[in-house]
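Taking numbering that gives the first Met the number 0, the leading residue of the sequence shown gets 0, the next gets one more, and so forth.
Read the structure below first, then the notes.
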Amino acid sequence: MVLNDTLDRPLHDLRISLIDRCNFRCPYCMPSEKFHHAYRFLDKNQWLTFEEIARMARIFVEMGVRKLRLTGGEPLLRPRLDELIYELSAIEGLEDLALTTNGSMLSEWSYRLKAAGLHRLTVSLDTVDPEVFHQMSGGRGDLNEVLGGIRTAEEAGFGAIKINTVIQRGVNDHTMLDLVRHFRGTPHTVRFIEYMDVGNQNHWDNAQVVPSGEIFKKINAEFPLQRIDGTQNGGTSEVYRFQDGRGEVAFISSVTKAFCGTCNRLRLSADGKLYTCLFATRGTDIGGHLRQGQSDEALKDVIRQVWRRRDDRYSEIRSKLPRGTQALPKVEMYQIGG
Ligand code: SAM
Ligand code: SF4
Ligand code: SF4
Numbered sequence: 000m001v002l003n004d005t006l007d008r009p010l011h012d013l014r015i016s017l018i019d020r021c022n023f024r025c026p027y028c029m030p031s032e033k034f035h036h037a038y039r040f041l042d043k044n045q046w047l048t049f050e051e052i053a054r055m056a057r058i059f060v061e062m063g064v065r066k067l068r069l070t071g072g073e074p075l076l077r078p079r080l081d082e083l084i085y086e087l088s089a090i091e092g093l094e095d096l097a098l099t100t101n102g103s104m105l106s107e108w109s110y111r112l113k114a115a116g117l118h119r120l121t122v123s124l125d126t127v128d129p130e131v132f133h134q135m136s137g138g139r140g141d142l143n144e145v146l147g148g149i150r151t152a153e154e155a156g157f158g159a160i161k162i163n164t165v166i167q168r169g170v171n172d173h174t175m176l177d178l179v180r181h182f183r184g185t186p187h188t189v190r191f192i193e194y195m196d197v198g199n200q201n202h203w204d205n206a207q208v209v210p211s212g213e214i215f216k217k218i219n220a221e222f223p224l225q226r227i228d229g230t231q232n233g234g235t236s237e238v239y240r241f242q243d244g245r246g247e248v249a250f251i252s253s254v255t256k257a258f259c260g261t262c263n264r265l266r267l268s269a270d271g272k273l274y275t276c277l278f279a280t281r282g283t284d285i286g287g288h289l290r291q292g293q294s295d296e297a298l299k300d301v302i303r304q305v306w307r308r309r310d311d312r313y314s315e316i317r318s319k320l321p322r323g324t325q326a327l328p329k330v331e332m333y334q335i336g337g
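Here it is, written out as structure tokens:
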């Protein structure tokens, strides 16, 4: 039986954050002035164990979830991750198992991820300018490592990789055509995601959002684009192909063209909290229920309650929200992984 929320949206996707730590400090996600050496991340014993994650995943699939995405923080920092992927890929009824990474450790991980049964990879990459890249990783990342990681992933058999790109005005907007040129002619799709006001740490400013329409125009002027019918990914992205047949790009217009109406995602944080929206102010501690030894049926009841009362549509109503709403404490992107 399909589980629907108050706006008739079915529960279809689950994003599982495996860890809240990261080896990067992208200013729009984990600004280094806040996430410094003394910052207290979760203790390891607060992380859901692989056994607990696999149990939750199986329960969710029994309840209708068809797609799992592993994320973080940086998921490749979670030791022995391939053992978890091996478990998850064996869940009957699961149709899609994907992982989002900053790509910096793909050279060492790609073959193991493939062998363990991971279906698809998304790599976050905001620019192919080495200086701008270094700056956008909070001074921690090396562009060559990520590009090398993508090459290893290709060799390991990951065919079409999604490249997630956030464009910030005045930061990397001048480099976006180079990124498009870099991936044209490959099976990979660059997906431009509008910079969002997730969390309270990134000092988000609407003036830094580069609307998809503006990015589209720039790309289309140099490489004419043609819309591919329909949206993909539960309605989140609009996909275009290059008219000369040399691949695709996509746009995720989370700010200028909200898609809450088709949002069918639930998010599970590394410490076992369920969040029904990227902009949620509180989560439900399913991990607590799990650790109290509750039965599968009791956990399903909690999930049903969470999803049935879900009425989130933050992006659709952002501009009409009362003043001060943005300052309310919200979950952070590094806790739920996008
Ligand atoms: N560390 C991994 C990575 O970077 O791919 C996985 C977690 S990261 C939080 C997931 C995605 O969230 C990345 O693609 C990142 O660019 C995106 N992201 C983080 N903060 C964002 C923001 N404020 N607006 C839009 N996307 C954001
Ligand atoms: Fe780390 Fe990903 Fe956040 Fe960047 S976007 S700081 S790589 S979790
Ligand atoms: Fe989904 Fe919330 Fe984003 Fe709307 S604002 S698309 S409900 S995550």
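Where is the CB? At the ideal position from N, CA and C, for every residue including glycine.
As the structure is a computational prediction, the values presented were derived from the model and not from experiment.
In this structure, D128 sits near N171, with a CB-CB distance shorter than 9 Å. Bridge partners of D310 according to DSSP: none are assigned. Annotation for S106 indicates a beta carbon at 8 Å or more from all heavy atoms of ligand 1. The beta carbon of Q200 is closer than 7 Å to those of P30, K33, E331 in its chain, skipping five residues each way along the sequence.
Contact annotation, R14 with R68: C-beta distance approximately 5 Å; criterion of less than 8 Å satisfied. Bridge pairing for R119: A97 [DSSP]. Relative to ligand 1, M195 has its C-beta within less than 8 Å of a heavy atom.
If you keep only unbroken beta strand (DSSP E) runs of at least 3 residues inside the stretch 225-292, you get 236-241, 247-251, 264-267, 272-274. Each of V208, R20, P223 was checked against the Cα of K43, and the nearest Cα belongs to R20. Under the DSSP definition of a beta bridge, F191 partners with T164, F250. Taking V305 as the centre and dropping the five residues before and after it, the same chain places the C-beta of L273, T283 closer than 6 Å to its C-beta, in chain order. Taking the Cα positions, R281 is about 21 Å away from A257.
Note: I15 is bridge-paired with L69, L267 in the DSSP secondary-structure output.
For E94, the shortest C-beta to heavy atom distance toward ligand 1 is 8 Å or greater. In the three-state reduction of the DSSP assignment, V145 falls in the helix class, which pools H, G and I. Relative to ligand 3, the nearest heavy atom lies less than 8 Å away from the CB of F278. Judged by the Cβ position, C25 qualifies as a neighbour of ligand 2 at the 8 Å threshold, a heavy atom of the ligand being closer than this. In terms of side-chain proximity, the C-beta atom of A257 is found nearer than 8 Å to a non-hydrogen atom of ligand 3.
A Cβ-Cβ separation of about 6 Å places I214 in contact with I166 under the 8 Å criterion. Distance check between T261 and each of Q242, D311, I90 places D311 closest, using alpha-carbon atoms only. Closest in C-alpha terms to H35, from the list W46, P223, N22, comes N22.
Between L105 and L87, the C-beta spacing is not below 9 Å.
DSSP places N3 within a strand segment (E or B) once states are collapsed to three. For V179, the secondary structure class from DSSP, reduced to helix, strand or coil, is helix. By the Cβ test, the stretch 178-187 is in contact with the stretch 124-142, since at least three Cβ pairs between them sit closer than 8 Å. Annotation for F59: L13 place their beta carbon closer than 6 Å to its own, counting only its chain and skipping 5 residues before and after. DSSP, reduced to helix, strand and coil, places V127 outside both helices and strands of the structure shown, so it counts as coil. Separation of the CB atoms of V254 and E315 is rounded to 11 Å, and the pair is thereby denied contact status at 8 Å.
Relative to R266, the option among K66, Y27, T5 whose CA is nearest is K66. Looking from the CA of Q207, the closest CA among F241, T188, G169, R226 belongs to G169. No heavy atom of ligand 1 is found nearer than 8 Å to the CB of T126. About 6 Å separates the CB atoms of V122 and T100; that is less than 8 Å, so the two are in contact. The Cβ atoms of A269 and S16 sit closer than 9 Å to each other.
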